[in-house]
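Enquirer:
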Amino acid sequence: MDQNFHDTNDDNSLKRRLLINQNKESSNGIHTREEIQNIIYEVSKGSKFFNNEKVKDDLSTEKMNALIQKAEIIKGKDLVVERSVVENKIKELKKNRNLDNFIDAFYASVHELENPELKDKPMAVGGERMLCTANYAARRYGVRSAMPGYIAKKLCPELILIPVNFPKYEAFASQIRQIFEVYDPNFQSMSLDEAYLNITGLINRITVKKNILFFNPDYSVKHNMSPVDVVNEIRNKIYLKTKLTASAGLAANRFLSKVCSDINKPNGLYVLPNNVEAIMEFVHKLNIRKVPGIGRVLEKTLNGLDITTCGDILKNNVLLYKLMSNTTFNFLLKRSLGLGDVEFSDAERKSIGVERSFEPIDNMELMILKLETMSSSLAEDLTEKNLKGLVLTLKLKSYEFKLTTRSKTLSNSIHTFEDIFSNSKQLLKAEFKERNFNLKVRLLGLQLSKLSSVSTLNENDGILKYLKRGRDPESEDYKCLDSTKREANKFICPVCQEIFTTELKISSHIEFCLHKSSSAVDAFPSKKNKCHRTNPMTKDNISQKSIFSFLETKNKKKIDKKTIFCPICNAISFDEENVAELNSHIDNCLRS
DNA sequence: TACATACAC
DNA sequence: TATGGTGTATGTA
Ligand SMILES: [Mg+2]
Ligand SMILES: [Mg+2]
1 MDQNFHDTND DNSLKRRLLI NQNKESSNGI HTREEIQNII YEVSKGSKFF
51 NNEKVKDDLS TEKMNALIQK AEIIKGKDLV VERSVVENKI KELKKNRNLD
101 NFIDAFYASV HELENPELKD KPMAVGGERM LCTANYAARR YGVRSAMPGY
151 IAKKLCPELI LIPVNFPKYE AFASQIRQIF EVYDPNFQSM SLDEAYLNIT
201 GLINRITVKK NILFFNPDYS VKHNMSPVDV VNEIRNKIYL KTKLTASAGL
251 AANRFLSKVC SDINKPNGLY VLPNNVEAIM EFVHKLNIRK VPGIGRVLEK
301 TLNGLDITTC GDILKNNVLL YKLMSNTTFN FLLKRSLGLG DVEFSDAERK
351 SIGVERSFEP IDNMELMILK LETMSSSLAE DLTEKNLKGL VLTLKLKSYE
401 FKLTTRSKTL SNSIHTFEDI FSNSKQLLKA EFKERNFNLK VRLLGLQLSK
451 LSSVSTLNEN DGILKYLKRG RDPESEDYKC LDSTKREANK FICPVCQEIF
501 TTELKISSHI EFCLHKSSSA VDAFPSKKNK CHRTNPMTKD NISQKSIFSF
551 LETKNKKKID KKTIFCPICN AISFDEENVA ELNSHIDNCL RS
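Terminal number for the first sequence in full-length UniProt numbering: 592, no gaps in between.
(1) Fully enclosed by the region 51 to 104, which alpha helix (DSSP H) runs are 4 residues long or longer?
(2) Span of the beta strand (DSSP E) holding Ile151?
(3) Run the proximity test for Ile294: is its beta-carbon closer than 7 Å to any non-hydrogen atom belonging to ligand 1?
(4) Return the chain-ordered list of same chain residues with a C-beta closer than 6 Å to the C-beta of Val110, the five sequence neighbours on each side being excluded.
(5) Quick check on the contact list: which residues have their beta carbon closer than 6 Å to a heavy atom of ligand 2?
(6) Run through DSSP, which three-state label would Ala246 get?
(7) Rounded to the nearest angstrom, what separates Leu339 and Phe255 at their Cα positions?
(8) Return the chain-ordered list of same chain residues with a C-beta closer than 7 Å to the C-beta of Lys241, the five sequence neighbours on each side being excluded.
(9) Let's test the definition: count the other Cβ atoms within 10 Å of the Cβ of Lys429 and tell me whether it reaches 16, buried, or not, exposed.
(10) Beta-carbon separation of Leu319 and Ala71 under 8 Å?
(11) Between the Cα of Asp104 and the Cα atoms of Phe329, Asn438 and Val231, which residue gives the shortest distance?
(12) Does the beta-carbon of Val283, which I'm using as the reference point, lie nearer than 7 Å to any heavy atom of ligand 1?
(13) Count the other C-beta atoms from every protein chain shown that fall within 10 angstroms of the C-beta of Ala252, then say buried if there are 16 or more, exposed otherwise.
(14) Is it true that the CB of Met123 sits closer than 8 Å to the CB of Ala108?
(15) Who are the near neighbours of Glu431 in its chain, counting only those whose CB is closer than 8 Å to its CB and skipping five residues on each side?
(16) If you drop the 5 nearest sequence neighbours on each side, which residues of the same chain put their C-beta closer than 6 Å to that of Lys290?
(17) Going by CA-CA distance only, name the one from Ile90, Gln37 and Ile36 that's closest to Lys315.
(18) Would you kindly work out how many angstroms separate the C-alpha atoms of Val81 and Thr32, rounded to a whole number?
(19) Smallest Cα separation from Pro266: which of Thr327, Val125 and Tyr239?
(20) Nearest to residue 602 by alpha carbon, out of Leu244, Ile20, Lys54 and Asn186?
(21) Candidates Leu378, Ser398, Ile36 and Ile162: which alpha carbon is nearest residue 594's?
(22) State the start and end residues of the unbroken beta strand (DSSP E) segment that holds Lys450.
(23) Can you tell which of Ala246, Leu118 and Ser60 has its C-alpha closest to the C-alpha of Phe106?
(24) What does the Cβ neighbour count give for Lys388, buried or exposed, with the cut at 16 atoms within 10 Å?
(25) To the nearest angstrom, how far is it from the Cα of Leu444 to the Cα of Ile420?
(26) According to DSSP, is Val164 part of a helix, a strand, or is it coil?
(27) Please confirm whether any heavy atom of ligand 1 lies closer than 7 Å to the CB of Arg289.
(28) Between which two residues does the alpha helix (DSSP H) containing Ser377 stretch?
(29) Helix, strand or coil for Gly389? Go by DSSP, reduced to three states.
(30) State the beta-bridge partners of Asn198 as determined by DSSP.
(31) Excluding sequence positions up to five away, which residues of its chain have a Cβ less than 6 Å from the Cβ of Lys370?
(32) Where does Glu577 sit, in a helix, a strand or coil, going by DSSP?
(33) Under a Cβ-count criterion, where at least 16 other Cβ atoms within 10 Å of its own Cβ denotes burial, should Lys94 be classed as buried or exposed?
(34) What is the rounded straight-line gap between the Cα of Ser145 and the Cα of Gly76?
(35) If you follow the alpha helix (DSSP H) that Gly340 is in, where does it begin and where does it stop?
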C-alpha cells in the first residue's frame with residue numbers, strides 16, 4: 001500500500017499532487033522521483049498557487065478518510081445480495097464483450113518538429129510560465145508538459161525553451177489526418193497529436209477514400225495484411241510524409257489501445273491480442289492511474305482503499321459497489337475487465353467558450369475591457385460555427401486561484417458581440433456588488449451553453465427524407481435519446497440510431513450501416529443511453545430490401561411486455577424491456 | 001437550474 | 001516574477 005496518502009504530516013500527499021504528469025516514469029532518469037518531488041515542492045512552497053493546492057489536497061484527504069471509515073464498516077458486513085448483483089453485472093459484461101474490433105491509438109511525437117540539432121539536448125516547448133511538451137532528453141530530468149518553465153529549469157538548468165508555434169503543429173497534424181482518413185474515415189482525433197482508428201473494416205473487406213467506399217471482398221487476401229501490418233504501414237506513411245515518429249497501440253477497444261500506445265514510447269508499437277486471457281492478464285497488473293478517466297483524485301481515493309491495480313478493483317468489486325456512485329462503479333468494473341466504452345462519433349458540441357489569464361487586477365473597468373475582448377472573440381467563434389447559446393457563464397479565478405462561476409439562462413439564445421458583452425457585464429457587476437467591490441482576479445472566462453444552430457437545412461433532400469430530423473421528445477422512437485436536448489440539425493441513422501451533424505457525414509455512415517452485421521458491441525450503452533455504434537464493417541451483407549423492412553419494424557412499439565418486480569424491495573415493477581432502469585433501481589435499493 | 005469538481009489533452 | 005485553454009461528465013442542492 002502507498003503510505004503517502006495516509007500521512008499528511010510531511011505533505012507527501014500534496015507533493016504527489018504537485019507532481020503533475022510525473023506518473024509516467026522516465027526509464028533512465030537523472031533524478032529520483034523523490035528528488036523531483038522535493039524540488040518542485042520547495043520551488044512552489046508559499047506561492048498563491050501552492051497554498052490553493054494545499055487547501056484542495058486537504059479537502060480531498062478528508063473525503064478519502066471518510067470513505068476509508070465507511071469501508072471499514074462495510075468490510076464487516078455479510079454482503080450476499082450485493083455480491084450476487086455484482087456477479088450478475090460481471091456476467092452480463094463478459095457476455096457482451098466484443099473481440100472483433102481492431103482499434104488503433106496513435107501518438108505523434110510533435111516535439112520532434114523542432115530543430116534537429118536540439119534533439120539530444122534537453123528542450124521544451126513553451127515559456128517560463130507554462131510548458132506544452134518536452135523532448136525525451138528533458139523528460140529524463142523530470143521536465144513535463146503542464147509544468148511552469150521556471151520550475152522545469154530548476155530540474156534541468158540547461159533546459160532550452162522553444163516558443164510554441166501552433167500553426168506549424170496544426171499543419172503537420174493535418175498531414176497526418178490525411179493519412180488516417182484513408183484508413184478510417186471516422187477516425188477520432190483527440191488533439192493535435194493523438195487519434196484513434198478503427199481498422200476492423202479494412203482488415204475485412206472495405207476501404208474508403210475521400211468519403212467514397214471501395215469494396216474489396218478479398219482485401220486482406222490480396223494484400224495479405226494483418227492488423228499489425230496496417231498499423232505499421234500507417235506509421236511508415238506518417239514518417240515518410242512528416243519525418244515524425246509515432247507510437248501506437250493495437251487492441252480490442254479504445255481504452256486498451258490507448259494504454260498500449262503508451263508502452264513503447266517513442267516510436268514503438270504494442271499489440272494486445274484480442275483474446276480474453278491476454279486482456280485479463282494485461283489489466284490485472286495495470287496501474288489504475290494508467291486508465292483514462294482515473295486521475296489524481298480517484299487514484300488517491302482508491303489507493304486509500306489499498307487498490308493500486310485494475311486487478312485490485314476486480315478483487316474489491318463488492319466493496320466498491322457499496323462505496324462508489326453507480327456511474328463510477330460501472331466505469332471501474334468495466335475497466336477492470338478490460339472493457340472500454342461504447343464508441344460514439346460526431347458527438348455534438350455542448351458549449352463554447354473563451355478564457356484568459358493575466359496579471360491580477362481589481363479594477364472593474366479593466367475587467368470590463370477584458371470582457372469586451374473576450375466577447376468579441378466568442379462572437380467570432382459562434383459565427384464561424386453557426387451557433388447561438390441560451391446560457392451564459394462567467395468564470396472568475398481570484399488572485400488566490402479560487403474558482404467561481406456565475407451563469408444565467410437568457411430569454412433568447414444569443415450570438416452577437418453586443419448581446420454577449422452586455423450580459424457578461426451584468427454578471428460581472430452583480431458579482432462585484434455581491435463581494436462588496438472586493439474582487440481581484442487573475443482569470444476571466446465566458447462560455448455559452450445550451451447551444452443551437454443559427455441556420456437550417458432542407459430535410460426533404462436526398463437521403464434525408466428517410467431520416468428523422470431533430471428530436472421529438474414525444475416520440476417513442478427516440479427513447480434512447482436524452483430528451484433534454486432538442487436542437488435542430490441532428491441526423492439520426494435509422495439503422496443504428498447514431499447521431500450526426502451533417503448530411504454528408506450521415507450519408508457516408510449509412511452506407512456503412514447498411515452492410516453491418518448484428519455483432520455485439522463493446523459493453524452496453526452508457527447510462528445516458530446515447531446511441532451506440534455497432535461495428536460498421538463486418539461480414540454479413542444485408543440487402544437493401546431487408547434494411548428498409550428493418551426500418552419499418554424499428555418504429556413499431558413492442559407488445560407483450562412482461563413485468564418484473566425488484567427482488568429487494570418487491571415493491572416497484574419494471575417492464576421487461578427496461579432492464580437498465582430495473583438494474584439502476586436495484587443498485588439504489590441495495591445501497592440505501 | 002446553478003455551481004463545484006474531476007478529467008483529458 | 002512566474003502554474004494554460006477548451007471542452008465533457010458528474011454529483012449535489
Ligand atoms: Mg489516468
Ligand atoms: Mg497530446
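Even glycine gets a Cβ: it sits at the ideal position worked out from N, Cα and C.
Quantities reported herein were computed from a predicted structural model and do not represent experimental measurements.
Expert: A quick look at the data gives this:
(1) 80 to 95
(2) Looking at the DSSP string, Ile151 is not in any beta strand (DSSP E); the run it does join, the alpha helix (DSSP H), is Gly149 to Leu155.
(3) yes
(4) Tyr169 and Asp193
(5) Ser191, Asp193 and Glu194
(6) strand
(7) 7 Å
(8) Gln175 and Ile179
(9) exposed
(10) yes
(11) Val231
(12) no
(13) buried
(14) no
(15) Leu394, Leu396, Thr404, Arg406 and Leu439
(16) Val259
(17) Ile90
(18) 47 Å
(19) Tyr239
(20) Residue 602 is absent from the structure shown; the chain starts at 1 and stops at 592.
(21) The shown model of the chain, from 1 to 592, leaves out residue 594, and the question about it has no answer.
(22) Val441 to Ser453
(23) Ala246
(24) buried
(25) 14 Å
(26) coil
(27) yes
(28) Met364 to Lys385
(29) strand
(30) Ile103
(31) Leu444
(32) Only weak support is given to the placement of Glu577: the predicted model assigns it a pLDDT of 44, under 50, and the question is left unresolved by the model.
(33) exposed
(34) 44 Å
(35) Gly340 -> no alpha helix (DSSP H), and no H or E assigned at all.
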